[in-house]
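Following: one structure in structure tokens, then a few remarks.
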Amino acid sequence: MYDSVKGFRDFYPEEMQARRWAMDTLEDVAQRYGFREIGTPALEPTEMYVDKSGEEIVEELYSFEDKGGREVALTPELTPTVARMFVAKQQELSKPIKWVSTRPFWRYEEPQQGRFREFYQTNVDIFGSAEPTADAEILAVAVEMLTDLGLTGEDFEIRVSHRDILAGVLESFGADVDVPEAIRAVDKRAKVDHDDYLDALVEAGLNYGQADKFDEMLQIDAEEIETLADLTGSEDVRAATDNLQAVLDAAEDFGVRDHLTVSLTTARGLDYYTGVVFECFDSTGEVSRSVFGGGRYDDLIEGFGGQPTPAVGFAPGHATLQLLCQRAGVWPAEELSTDYYVLQVGDTRPTAARIARDLRERGHVVESDVADRSFGAQMGYADGINAETVVIVGEQDLENDEVTLKEMDDGEQISVPLSAFPGDYDRPTFEDFAE
RNA sequence: UCCGGGUUGGGGUAGUGGUAUCCUUCAGCCUUGUGGUGGCUGAGACGUGGGUUCAAUUCCCGCACCCGGACCCA
1 MYDSVKGFRD FYPEEMQARR WAMDTLEDVA QRYGFREIGT PALEPTEMYV
51 DKSGEEIVEE LYSFEDKGGR EVALTPELTP TVARMFVAKQ QELSKPIKWV
101 STRPFWRYEE PQQGRFREFY QTNVDIFGSA EPTADAEILA VAVEMLTDLG
151 LTGEDFEIRV SHRDILAGVL ESFGADVDVP EAIRAVDKRA KVDHDDYLDA
201 LVEAGLNYGQ ADKFDEMLQI DAEEIETLAD LTGSEDVRAA TDNLQAVLDA
251 AEDFGVRDHL TVSLTTARGL DYYTGVVFEC FDSTGEVSRS VFGGGRYDDL
301 IEGFGGQPTP AVGFAPGHAT LQLLCQRAGV WPAEELSTDY YVLQVGDTRP
351 TAARIARDLR ERGHVVESDV ADRSFGAQMG YADGINAETV VIVGEQDLEN
401 DEVTLKEMDD GEQISVPLSA FPGDYDRPTF EDFAE
């Protein structure tokens with residue numbers, strides 16, 4: 001017996017069926033918006049992350065030298081890869097680019113709830129549009145993915161913020177404020193003591209009076225967001241609040257405004273965000289834990305050697321989504337489902353095989369005996385795979401040119417002429433022949 | 001990397017310094033044709049390495065893995 005590697009999981013069919021449903025739900029939404037699926041490598045040059053990712057990510061890299069002496073790493077995130085792909089074909093791609101991808105990523109860190117060393121996420125990105133409509137479309141896709149999973153406004157909330165508003169307000173206090181550091185402090189606001197939070201702001205270059213005033217300004221409601229420009233007298237802030245308002249207006253038209261809450265204290269840690277940022281929170285859980293986040297990152301492509309290209313996207317992790325769905329009671333039962341089991345008794349394989357084929361042509365999941373088992377054992381197996389209907393193709397039935405249809409939930413069964421089965425029915429059951 | 005709690009047949013459990021309980025599961029049979037619901041028979045476990053001891057699944061230490069937390073964040 002071998003153990004699996006720490007933080008790497010096996011998924012057995014019951015759970016996989018539920019995960020498949022969730023993945024398909026997410027991808028269907030993206031496909032309906034015209035996001036095109038891309039495929040990406042599991043390995044990239046280690047250098048790409050050392051150059052372009054934060055130090056934390058590099059520390060968590062699974063990296064090694066391959067047999068050709070190349071330093072390679074298992075991809076810890078998709079963004080550098082899509083940036084690389086985009087830059088490589090930038091001239092020939094017609095903008096805006098809308099890409100989607102679901103796949104595993106790897107990070108060497110300590111597993112805990114909703115976090116593993118191998119984890120799956122669905123990345124959704126738009127490249128080449130700086131328009132608020134693009135931000136709003138990303139938000140719409142995010143909301144629709146969640147609602148298609150069966151979640152409602154009771155279960156989640158998307159908090160929207162804007163990096164440029166934070167930066168502009170901070171700068172209005174003085175040119176020497178360390179904006180990234182202050183934003184990191186804001187990002188931690190909910191987790192630390194209020195005094196420590198204020199200390200961190202002071203550390204970033206504000207004085208205590210400014211820190212208080214700044215924090216007060218962050219509490220502002222969506223309706224009053226535009227007053228920030230007058231409060232600070234900053235044109236940068238005005239441009240940023242106008243942009244946020246435009247995104248919210250577009251989100252209104254897209255039918256997802258009700259799921260969005262303006263919350264300037266939502267900052268997100270990553271340095272590369274530039275405009276709108278957002279974070280999805282579990283509103284049912286006692287701990288309001290971040291489920292996933294996203295936002296605009298207009299400078300990143302240029303950093304990869306491309307023409308300056310605006311970009312916006314998000315990437316929900318499947319493990320945390322699963323937790324959210326389970327808490328909300330919308331995660332499907334983790335059990336197998338089977339439409340038909342075609343049971344053979346004696347040498348009835350030719351007929352059983354024909355029936356199984358006919359049913360499969362109608363798109364059903366159909367199993368039949370491949371282990372030469374007894375009647376009772378086959379019935380037990382059919383029960384074990386949750387077969388809804390058993391078609392008994394026995395020697396006795398065939399002597400009368402019949403088969404027996406049995407519904408497994410109530411045990412009712414009926415003989416049906418062989419020539420009439422499956423007949424014209426898409427999904428023939430006991431009911432169809434009961435009269 | 002750090003902290004806390006775990007690890008007993010495939011799954012779930014009881015228990016003990018002298019190798020282990022019950023439920024379920026699985027296989028077969030009763031029953032060449034009825035599962036979820038009977039009866040019988042059988043299979044199957046103390047994570048790993050070391051220490052203490054006459055004897056360790058039990059006590060001690062290390063490690064691995066699992067669950068959760070810190071850090072960090074997707």
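Here our numbering is used: the first residue of the first sequence is 1, the next is one more, and so on.
For glycine and all other residues, C-beta sits at the position ideal for the given N, C-alpha and C.
Going along the chain, which residues of its own chain have a beta-carbon closer than 6 Å to the beta-carbon of residue 33, five neighbours each way excluded? Within the same chain, and ignoring the five residues on either side of residue 33 in sequence, the residues whose Cβ sits closer than 6 Å to its Cβ are 141.
Mind checking whether residue 352 and residue 393 have CB atoms under 8 Å apart? Less than 8 Å separates the beta-carbon of residue 352 from that of residue 393.
Provide the residue span of the alpha helix (DSSP H) that contains residue 213, from first to last. 208-218 is the span of the alpha helix (DSSP H), which, as asked, contains residue 213.
Assuming residue 259 contacts residue 153 (C-beta within less than 8 Å), just tell me the rounded distance between them. Contact between residue 259 and residue 153 holds, since their C-beta atoms are separated by about 6 Å, short of 8 Å.
From which residue to which residue does the alpha helix (DSSP H) around residue 243 run? Run containing residue 243: 235-253, per the alpha helix (DSSP H) assignment.
Just mark residue 406 as buried or exposed, buried being the case when its beta carbon has 16 or more other beta carbons within 10 Å. It counts as buried.
On the DSSP letters alone, give me the boundaries of the alpha helix (DSSP H) that residue 25 sits inside. According to the DSSP assignment, residue 25 belongs to the alpha helix (DSSP H) that extends over 13-32.
Give the secondary structure of residue 45 by DSSP, where H, G and I count as helix, E and B as strand, and everything else as coil. Residue state, collapsed to three classes: strand.
Give the DSSP-derived three-state secondary structure of residue 50 in the structure shown. Reduced to three states, the DSSP call for residue 50 is helix.
Where in the region 158-196 do unbroken runs of the alpha helix (DSSP H), each at least 4 residues long, occur, reported from the N-terminal end onward? Fully enclosed alpha helix (DSSP H) runs of 4 or longer: 163-172 and 179-187.
Could you say if the region 310-322 and the region 184-200 meet the contact criterion of at least three C-beta pairs nearer than 8 Å? As far as the Cβ criterion goes, the region 310-322 does not touch the region 184-200, which means the pair count is below three.
Report back the beta-carbon spacing between residue 361 and residue 341 to the nearest angstrom; my notes put them in contact at under 8 Å. A Cβ-Cβ separation of about 17 Å leaves residue 361 out of contact with residue 341 under the 8 Å criterion.
Can you list, in chain order, the residues of its chain with a C-beta nearer than 6 Å to that of residue 148? Leave out the 5 residues immediately preceding and following it. For residue 148, where only same-chain residues beyond five positions count, the Cβ hits under 6 Å are 25 and 29.
How would you label residue 207, buried or exposed, when you count the other beta carbons within 10 angstroms and need 16 or more for buried? Counting Cβ neighbours within 10 Å, residue 207 comes out exposed, since fewer than 16 surround it.
Identify, in the order they occur along the chain, each residue of the same chain with its Cβ nearer than 6 Å to the Cβ of residue 222, setting aside the five sequence neighbours on each side. Excluding residues within five positions, the ones whose Cβ falls inside 6 Å are 262.
Identify whether residue 361 lies in helix, strand or coil by the three-state DSSP scheme. Residue 361 falls in the helix class under three-state DSSP.
Kindly identify the DSSP beta-bridge partner or partners of residue 65. Per DSSP, 71.
Closest residue to residue 400 among 419, 98 and 387 (Cα-Cα distance): Among 419, 98 and 387, the Cα nearest to that of residue 400 is on 419.
Inter-stretch contact (C-beta, 8 Å, three-pair minimum) for the region 7-26 and the region 103-117: Taking a cut-off of 8 Å for Cβ pairs, the region 7-26 and the region 103-117 touch, as three or more such pairs fall below it.
DSSP-derived helix/strand/coil call for residue 115: Look at residue 115 here: in three-state DSSP terms it is strand.
How about residue 75 and residue 106: are their beta carbons less than 8 Å apart? Closer than 8 Å, so yes.
Report the rounded CA-to-CA distance for residue 389 versus residue 317, giving the unit in angstroms. Here the C-alpha atom of residue 389 lies approximately 37 Å from the C-alpha atom of residue 317.
So the alpha helix (DSSP H) residue 80 belongs to, where does it begin and stop? Note, residue 80: alpha helix (DSSP H), 79-88.
What distance in whole Å lies between the Cβ atoms of residue 324 and residue 139, which are believed to be in contact at a cut-off of 8 Å? The beta-carbon distance between residue 139 and residue 324, rounded to whole angstroms, is 17 Å. This is too long to meet the 8 Å contact definition.
How many Å lie between residue 20 and residue 383 at the Cα? Those two C-alpha atoms are separated by around 23 Å.
Rounded to the nearest angstrom, how far is the Cβ of residue 49 from that of residue 38, given a contact under 8 Å? Not confirmed; about 19 Å, so no contact.
Are three or more beta carbon pairs between the region 230-244 and the region 174-183 nearer than 8 Å? Fewer than three beta-carbon pairs drawn from the region 230-244 and the region 174-183 are found closer than 8 Å, and the two stretches are therefore not classed as touching.
Taking C-alpha atoms, which residue in 62, 274 and 251 lies nearest to residue 297? Taking only the C-alpha atoms, the option nearest residue 297 is 274.
Quick check: residue 429 and residue 415, are their CB atoms within less than 8 Å of each other? No.
Taking the alpha-carbon of residue 337 as reference, which of 2, 17, 63 and 12 has the nearest alpha-carbon? Of the candidates 2, 17, 63 and 12, the one whose C-alpha sits nearest the C-alpha of residue 337 is 17.
Buried or exposed: where does residue 63 fall if 16 or more other Cβ atoms within 10 Å of its Cβ makes it buried? Sixteen is the threshold: when 16 or more other Cβ atoms of the shown chains lie within 10 Å of the Cβ of residue 63, as they do, the residue is buried.
When the Cα atoms are used, what is the spatial distance from residue 391 to residue 372? Rounded to the nearest angstrom, the gap between the Cα atoms of residue 391 and residue 372 is 16 Å.
Reducing DSSP to helix, strand and coil, say where residue 305 ends up. If DSSP states are grouped into helix, strand and coil, residue 305 belongs with coil.
According to DSSP, simplified to helix, strand and coil, what is residue 132? Of the three classes helix, strand and coil, the one that applies to residue 132 here is helix, per DSSP.
Here's the rule I'm using: 16 or more other beta-carbon atoms within 10 Å means buried, otherwise exposed. How should residue 374 be labelled? Per the 10 Å Cβ criterion, exposed.
Thinking C-beta only, is residue 41 closer than 8 Å to residue 71? In terms of Cβ geometry, residue 71 and residue 41 do not form a close pair [threshold 8 Å].
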